[in-house]
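Visitor: Mind looking over this structure? Questions follow.
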Ligand code: MN
Ligand code: ZN
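Numbering (our numbering), first residue to last: 1135 to 1636.
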């Protein structure tokens, strides 16, 4: 979908549909809504007066212009209460508008930039949010349907119409960022929504290679032979139960720029998690194609960083394998030797994510990073603690975690810090190896984090997000299926790092 920006007054635009907005509690519309209302002879004021439009967030009213203005239809969307208004309201409102436009069969519509006027948001950020909401809210994944259920034509173009010419450059810039971010999240959703037979470790690596080429990134993949040479015994331990070869995907932006600060992001890429010999139930296995959502997010983030050409050296690591109970599968009780030399007693083969991350986190050290962030669908414990509202945040560096919280507020991809109290450490002590891969059910998100900490010797943060990777329904810019969670969060975090460095 194309996004254009033009200067002008929305009531003068010729279009199949123009979009304006209204806060809750306003009975005399001003700004663009007021101008449209006056041109239409007060039909919006009439709706408000008789109580048919209240301005609740995401509420919509459709007006027909009957020749009073060049546009055929006017969609008024509610912004809710002014005191509750945020960038995320802009995203959600833009998403419901996009779906409404598609439902109407409109393929090109015109909208003001919600929030950039009297609401007082930064015009670039508001424009970015409009584009993100529009593109993510109209996302569909129907490539496997022989007969798609949605007869509505795809949206082709959105034109943002801005009266105040002074803010046009900021809006252009925001649109550009929003397009890159939304395109990256869309790629992530596509990868995560793909069934496992369309997204094996090898196919994931191939997709990453294509994305790398498109975004101008360096691409490399380590095969099992190279992993063995490096001593990645934890990752290979998980991989040995599957016939699909493991892949260690490496994407790099500004690979040759040793003058730039280096950040590494790492994502768990279990393309299917059957639990291994500690096999899951039929129900527990449902949805386990999503267990590579961390790796997909890393690939998407690197895509965005490359496209935005951030002045940072950024490395994305995505260890990818299946976790299956094949004849050569690793067993509960086995001891695996990780790349760091730390030995791991396997308590359950279903705690596989931390094993592949252990070797990836150890590998990350070679880049001498300023900071490393990993993102993973790691523990049911984080879902018990935080539900489907926030991901768990842990780490060894309070300042680093603070910067992630800042990016979280900006993107509304919520994280909440879980503590690393010393008392938890004994849960993962092993009598025969250096550490156990499971500390049992109590505080399991935290003990998984403490396990990972053993493989880090740099500022590090960990995002545990299995509750956030998919949605069962459609609401705002979240649509049924993969959410792409973490992608916007880490793009924002890296943009903040770049701003801070320059
Ligand atoms: Mn598992
Ligand atoms: Zn898993």
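The C-beta atom is built at its ideal place from N, Cα and C for all residues, glycine as well.
Compute the Euclidean distance between the alpha carbons of residue 1340 and residue 1418, then round it to the nearest angstrom.
Guide: Each residue's alpha carbon lies about 28 Å from the other.
Visitor: Can you name, in chain order, every residue of its own chain whose Cβ lies under 6 Å from the Cβ of residue 1342, other than the five neighbours on each side?
Guide: Closer than 6 Å at Cβ, skipping near neighbours: 1383 and 1433.
Visitor: When DSSP labels each residue in this structure, what does residue 1419 get in the three-state scheme?
Guide: Of the three classes helix, strand and coil, the one that applies to residue 1419 here is helix, per DSSP.
Visitor: Which residue spans inside the region 1382-1444 form an unbroken alpha helix (DSSP H) run of at least 4?
Guide: As far as the region 1382-1444 is concerned, its whole alpha helix (DSSP H) runs of at least 4 residues are 1416-1419 and 1427-1442.
Visitor: Give me the DSSP bridge partner(s) of residue 1625.
Guide: DSSP, once it has assigned bridges, lists no residue as partnering residue 1625.
Visitor: Are there 16 or more other CB atoms within 10 angstroms of the CB of residue 1277, so buried, or fewer, so exposed?
Guide: Exposed, because fewer than 16 other Cβ atoms sit within 10 Å of the Cβ of residue 1277.
Visitor: Can you find the residues in the same chain that come closer than 8 Å, C-beta to C-beta, to residue 1151, ignoring five residues on each side of it along the sequence?
Guide: Counting only Cβ-Cβ distances below 8 Å, and skipping sequence neighbours, we find 1205, 1206, 1207, 1208, 1209, 1235, 1238, 1240, 1243 and 1244.
Visitor: Check whether the Cβ of residue 1404 sits closer than 7 Å to any heavy atom of the ligand ZN, and report yes or no.
Guide: Checking every heavy atom of the ligand ZN against the Cβ of residue 1404, one is found closer than 7 Å.
Visitor: Could you check whether the region 1312-1326 touches the region 1401-1410, counting it as contact only if at least three pairs of C-beta atoms, one from each stretch, sit closer than 8 Å?
Guide: They do not touch, by the three-pair rule.
Visitor: Which runs of the beta strand (DSSP E) fall wholly inside the region 1237-1262 and span at least 3 residues, in chain order?
Guide: For the region 1237-1262, whole beta strand (DSSP E) runs of length 3 or above, ordered along the chain, are 1242-1245.
Visitor: Would you say residue 1457 and residue 1486 are within 8 Å of each other, going by their C-beta atoms?
Guide: For residue 1457 and residue 1486, yes; Cβs fall inside 8 Å.
Visitor: What are the uninterrupted segments assigned as beta strand (DSSP E) that are 3 or more residues long and contained completely in the region 1161-1212, given in chain order?
Guide: Complete beta strand (DSSP E) runs here, min 3: 1194-1198 and 1207-1212.
Visitor: Can you name, in chain order, every residue of its own chain whose Cβ lies under 7 Å from the Cβ of residue 1261, other than the five neighbours on each side?
Guide: These residues qualify, in order along the chain: 1247, 1250, 1294, 1305, 1308, 1309 and 1312.
Visitor: What's the C-alpha gap between residue 1504 and residue 1560?
Guide: Spanning the two alpha carbons is a distance of roughly 29 Å.
Visitor: Could you give the first and the last residue of the continuous beta strand (DSSP E) run that contains residue 1296?
Guide: Residues 1291-1296.
Visitor: Taking 7 Å as the limit between beta carbons, can you name the residues of its chain near residue 1281, skipping five residues before and five after?
Guide: Same-chain partners within the cutoff: there are none.
Visitor: Could you say which of 1483, 1468 and 1484 lies nearest to residue 1477 if we only look at CA atoms?
Guide: Of the listed residues, the one whose Cα sits closest to residue 1477 is 1468.
Visitor: Enumerate, from N- to C-terminal direction, the unbroken beta strand (DSSP E) stretches of 3 or more residues contained entirely within the region 1136-1161.
Guide: Entirely contained in the region 1136-1161, the beta strand (DSSP E) runs reaching 3 residues are, in chain order, 1136-1141 and 1152-1156.
Visitor: Taking the beta carbon of residue 1556 as the centre, do at least 16 other beta carbons fall within 10 Å, making it buried, or is it exposed?
Guide: Result: exposed.
Visitor: DSSP three-state call for residue 1591: helix, strand or coil?
Guide: In the structure shown, residue 1591 sits in coil (DSSP, three-state: anything other than H, G, I, E or B).
Visitor: Expressed to the nearest angstrom, what Euclidean distance is found between the alpha-carbon atoms of residue 1156 and residue 1230?
Guide: Each residue's alpha carbon lies about 15 Å from the other.
Visitor: Between residue 1549 and residue 1538, how many whole angstroms is the CB-CB distance? I'm expecting something under 8 Å.
Guide: Right, the Cβ-Cβ distance comes to about 6 Å (below 8 Å), so this counts as a contact.
Visitor: Are the Cβ atoms of residue 1581 and residue 1558 separated by less than 8 Å?
Guide: A contact, by the Cβ cut-off of 8 Å.
Visitor: Tell me whether residue 1287 sits in a helix, a strand or coil according to DSSP, three-state version.
Guide: Residue state, collapsed to three classes: coil.
Visitor: Figure out for me which residue from 1182, 1377 and 1569 has the closest Cα to the Cα of residue 1331.
Guide: Of the listed residues, the one whose Cα sits closest to residue 1331 is 1377.
Visitor: Tell me the rounded alpha-carbon separation between residue 1428 and residue 1297.
Guide: Rounded to the nearest angstrom, the two C-alpha atoms are 41 Å apart.
Visitor: Please determine if the region 1538-1547 and the region 1436-1448 are in contact, where contact requires at least 3 C-beta pairs separated by less than 8 Å.
Guide: Touching, no, given that fewer than three Cβ pairs across the two stretches are closer than 8 Å.
Visitor: The ligand MN and residue 1407: does the residue's C-beta get closer than 7 Å to at least one heavy atom of that ligand?
Guide: Yes; taking the cut-off as 7 Å, the Cβ of residue 1407 has a heavy atom of the ligand MN nearer than that.
Visitor: Does the distance between the C-beta of residue 1511 and the nearest non-hydrogen atom of the ligand ZN fall short of 7 Å?
Guide: Yes, the ligand ZN has a heavy atom inside 7 Å of this Cβ.
Visitor: Would you mind sorting residue 1390 into buried or exposed? The rule is 16 or more other CB atoms within 10 Å of its CB.
Guide: Exposed, by the Cβ-count rule.
Visitor: Which residue's Cα is closest to the Cα of residue 1170: 1147, 1289 and 1400?
Guide: For residue 1170, the nearest C-alpha among the options comes from 1147.
Visitor: What does DSSP give as the partner residues of residue 1522 in its beta bridges?
Guide: Per DSSP, none; premise fails for residue 1522.
Visitor: Can you name, in chain order, every residue of its own chain whose Cβ lies under 6 Å from the Cβ of residue 1355, other than the five neighbours on each side?
Guide: These residues qualify, in order along the chain: 1339, 1381 and 1383.
Visitor: The alpha helix (DSSP H) with residue 1486 in it runs from where to where?
Guide: Residue 1486 -> no alpha helix (DSSP H), and no H or E assigned at all.
Visitor: Consult DSSP for residue 1567 and reduce its assignment to one of helix, strand or coil.
Guide: Residue state, collapsed to three classes: coil.
Visitor: Are the CB atoms of residue 1572 and residue 1481 nearer to each other than 8 Å?
Guide: Yes, the Cβ-Cβ distance between residue 1572 and residue 1481 is below 8 Å.
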